[in-house]
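Okay, so the sequence shown: first residue is 0 according to numbering that gives the first Met the number 0, each after it adds one. Below you'll find the structure, written out as structure tokens, and then a few comments.
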Amino acid sequence: MRNGKNGFLIPFFAYRKIRFEDDQMETTQLEKDNKHWSGRFGFIMAVVGSAVGLGNIWRFPYVAGQQGGAIFLFVYIVMVATIGFLLMSAEITFGRNAHANIVDAFQKRHKRWTFVGYLSILVAFLIVSYYSVIGGWITRYLGGYIIGGGFVSGGDYGGVFQDFSTHPYLPIIFNLVFLGACTFILAFGVKKGIEKVSKIMMPALFVMIVFVAVVALTMDGALEGVKFFLIPDWERITQSGGVGGIIVAAMGQAFFSLSVGIGINATYGAYLKKDINIPKNTAYICGFDTFVALVAGFAILPAVFSVGLEPNAGPGLIFGSLPAVFHQLGGFGIAVAIIFFVLILFAAITSCISLLEVMIVFVEEKFKFKRVLATLTVCGVILITSTLVSLSQCGYFGVDLLEVFDLATTNFLMPVCAILMCVYIGYVWKIRKAADELTFGFQNQNGFWVRVWEIGVKYVVPLMVFVIFIFGIVGMFTK
Ligand code: TRP
Numbered sequence: 000m001r002n003g004k005n006g007f008l009i010p011f012f013a014y015r016k017i018r019f020e021d022d023q024m025e026t027t028q029l030e031k032d033n034k035h036w037s038g039r040f041g042f043i044m045a046v047v048g049s050a051v052g053l054g055n056i057w058r059f060p061y062v063a064g065q066q067g068g069a070i071f072l073f074v075y076i077v078m079v080a081t082i083g084f085l086l087m088s089a090e091i092t093f094g095r096n097a098h099a100n101i102v103d104a105f106q107k108r109h110k111r112w113t114f115v116g117y118l119s120i121l122v123a124f125l126i127v128s129y130y131s132v133i134g135g136w137i138t139r140y141l142g143g144y145i146i147g148g149g150f151v152s153g154g155d156y157g158g159v160f161q162d163f164s165t166h167p168y169l170p171i172i173f174n175l176v177f178l179g180a181c182t183f184i185l186a187f188g189v190k191k192g193i194e195k196v197s198k199i200m201m202p203a204l205f206v207m208i209v210f211v212a213v214v215a216l217t218m219d220g221a222l223e224g225v226k227f228f229l230i231p232d233w234e235r236i237t238q239s240g241g242v243g244g245i246i247v248a249a250m251g252q253a254f255f256s257l258s259v260g261i262g263i264n265a266t267y268g269a270y271l272k273k274d275i276n277i278p279k280n281t282a283y284i285c286g287f288d289t290f291v292a293l294v295a296g297f298a299i300l301p302a303v304f305s306v307g308l309e310p311n312a313g314p315g316l317i318f319g320s321l322p323a324v325f326h327q328l329g330g331f332g333i334a335v336a337i338i339f340f341v342l343i344l345f346a347a348i349t350s351c352i353s354l355l356e357v358m359i360v361f362v363e364e365k366f367k368f369k370r371v372l373a374t375l376t377v378c379g380v381i382l383i384t385s386t387l388v389s390l391s392q393c394g395y396f397g398v399d400l401l402e403v404f405d406l407a408t409t410n411f412l413m414p415v416c417a418i419l420m421c422v423y424i425g426y427v428w429k430i431r432k433a434a435d436e437l438t439f440g441f442q443n444q445n446g447f448w449v450r451v452w453e454i455g456v457k458y459v460v461p462l463m464v465f466v467i468f469i470f471g472i473v474g475m476f477t478k
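Pasting the structure below:
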């Protein structure tokens, strides 16, 4: 027996029937709007596409290196397997049930919670405004390797990158190209746009990154990089603010890499039919994302070490250091460089479209815009903000907007959103109902692991994120 809609106790089979009829209706509506994944594989590839991005290929190796290698790796994996897994599965569950853009999804059960939806959109807006700029840089480097020129044989690669990224208009043009490509894909909608592209780009990325890692590991001196990545360096740990600092960094990295906390997975979950096993597929997605990060670590750090460079160059790591590595490989290096920049471009595109999609569905539903118009509106606004971010690199505004947006989102806004989402799911929606949705279609909806999930989402995650968040703030001020 379970509680029915009006609080009456109704027999379980009747409850299931109501749910079933509900689903039938939803599915038809979805199909009419062409807003659903064609199947499990399409959904997984799209979520993986959102998760696997610059966070895995650039940010992860660099942060892991800075935070002492092996210990960070261990803490990071624990974070992904606990907070990351719980948040992602909760978010997808929330989205599949609410079946709407993120603002309406929060509004559905309590008007007062609408602001969390808007907050999520704000975070996506800030991230995409700088993500797209980096996408532009990648486009430029790929073009440079295809056509030839200073990027390939510059000698002072750091200087080449510096000159390019602070150029008043070149990065803006490439940002336009990158954003234009994302806009084009998004205009085709969910199944014909996002899903189709992810289904091609993600498997291709996988093959390419394994190839690049193999090349990197066979270079002279690569072992140094492997050691750096896998053997803890206590000196670096003390430098980076101790174990507390590592935990804060690992959580931020897990959030960013898995794209959790700001409703992206809820939006993608809204296009899901009920026949998908959420916990199982979330586990695959988390596993795959971590795998790509590890392979990227093995591809980039050994290569950087083999040419005698330090791995803590920040955004310059890819753009300023790797060209030196490619150069050392001669003609073969150009082919490897092209493969590398194509793969990172794929990673950046599929992540960028997920961030834009959250805003596009919102505009589509809120203002009753057609898909193409909504896409053009959102991408047009982002073109303006990303241009500002790009211009800030030249020092025009006195602040580096890329850094400000990045820090404000990963260290501050994403944890806040994640806590609010858990509180909403646990207390406003009610954790039992969430668990029912999570386990829809399961033989046993009350098993041990379901209980663990409930406790995890309702108590453990918000508390842990809160504690680590405070830690991070205190650490920021005491540094
Ligand atoms: N996860 C992506 C990466 O690793 C970036 C990203 C896409 C993201 N969507 C997001 C980060 C939503 C935070 C929130 O590069």
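All C-beta atoms in this analysis are idealised placements derived from N, C-alpha and C, irrespective of residue type, glycine included.
By the Cβ neighbour-count rule, F183 is exposed, with fewer than 16 other Cβ atoms within 10 Å of its own.
Sorted by chain position, residues whose beta-carbon lies closer than 6 Å to a non-hydrogen atom of the ligand TRP are S49, A50, G52, L53, G54, N55, I126, F255, S256, S258, I261, I263, S350, S353 and L354. Contact annotation: the region 327-342 touches the region 140-152, with at least three C-beta pairs closer than 8 Å. For the pair N100 and T266, the Cα-to-Cα distance works out to about 6 Å. Per DSSP, Y426 lies in no alpha helix (DSSP H) and is assigned neither H nor E. Distance from the CA of V242 to the CA of R450, rounded to the nearest whole angstrom, comes to 31 Å. The C-beta distance from Q392 to S164 rounds to 5 Å, short enough to fall under 8 Å. The beta carbon of P167 sits closer than 8 Å to those of L390 and C393, all from its chain and outside the five residues before and after it, given in chain order.
In the three-state reduction of the DSSP assignment, T374 falls in the helix class. When the five nearest sequence neighbours on each side are left out, the beta carbons in the same chain lying within less than 7 Å of the beta carbon of M78 are those of A249, M250 and A253, in order along the chain. Per DSSP, A302 is one residue of the alpha helix (DSSP H) stretching across I277 to S305. Under a 10 Å Cβ-count criterion, Q66 is classified as buried, with 16 or more other Cβ atoms of the shown protein chains found around its own Cβ. The shortest C-alpha to C-alpha distance from P202 to any of V357, F439 and I343 is the one to I343. C-alpha of A212 to C-alpha of A347: approximately 19 Å in a straight line.
Residue nearest to G142 within the set F339, F227 and F404 is F339 (criterion: CA-CA distance). Residues I82, L85, L86 and C421 of the same chain have their beta carbon placed closer than 7 Å to that of V460, with the five preceding and five following residues left out of the count. The C-beta distance from V324 to A292 rounds to 19 Å, too long to meet the 8 Å contact threshold. D219 and S305 have their C-alpha atoms spaced approximately 6 Å apart.
When DSSP assignments are scanned along the region 47-96, the uninterrupted stretches of alpha helix (DSSP H) that are 4 or more residues long and fall wholly within it turn out to be 59-65 and 69-78. Only exposed fits W233, as fewer than 16 other CB atoms lie within 10 angstroms of its CB. Between the beta-carbon of A433 and that of T113 there is about 19 Å, and that puts the pair past the 8 Å contact cut. With a contact defined as Cβ atoms closer than 8 Å, F228 and A63 qualify at about 6 Å.
Here M218 carries a coil assignment [DSSP, helix/strand/coil]. Straight-line measurement puts the Cα of F105 at about 28 Å from the Cα of F470.
A direct Cα-to-Cα measurement between I430 and G455 gives close to 10 Å.
Short of 8 Å from the beta carbon of I359, and not among the five residues preceding or following it, lie these beta carbons of its own chain, in chain order: L185, R370, A373, T374 and V377. Excluding the 5 residues flanking it on each side, A69 has same chain C-beta neighbours closer than 8 Å at F228, L229, I230 and P231, in chain order.
Take the alpha-carbon of T217 and the one of F205: they are about 19 Å apart. The distance from the Cβ of S88 to that of I277 is about 5 Å, consistent with a contact at the 8 Å cut-off. For L328 and V159, the gap between their C-alpha atoms comes out near 19 Å. Taking 3 residues as the minimum length, the region 372-414 contains no beta strand (DSSP E) run wholly inside it. Shortest Cα-Cα distance from D399 to any of V362, V132, Y426 and R108 involves V132.
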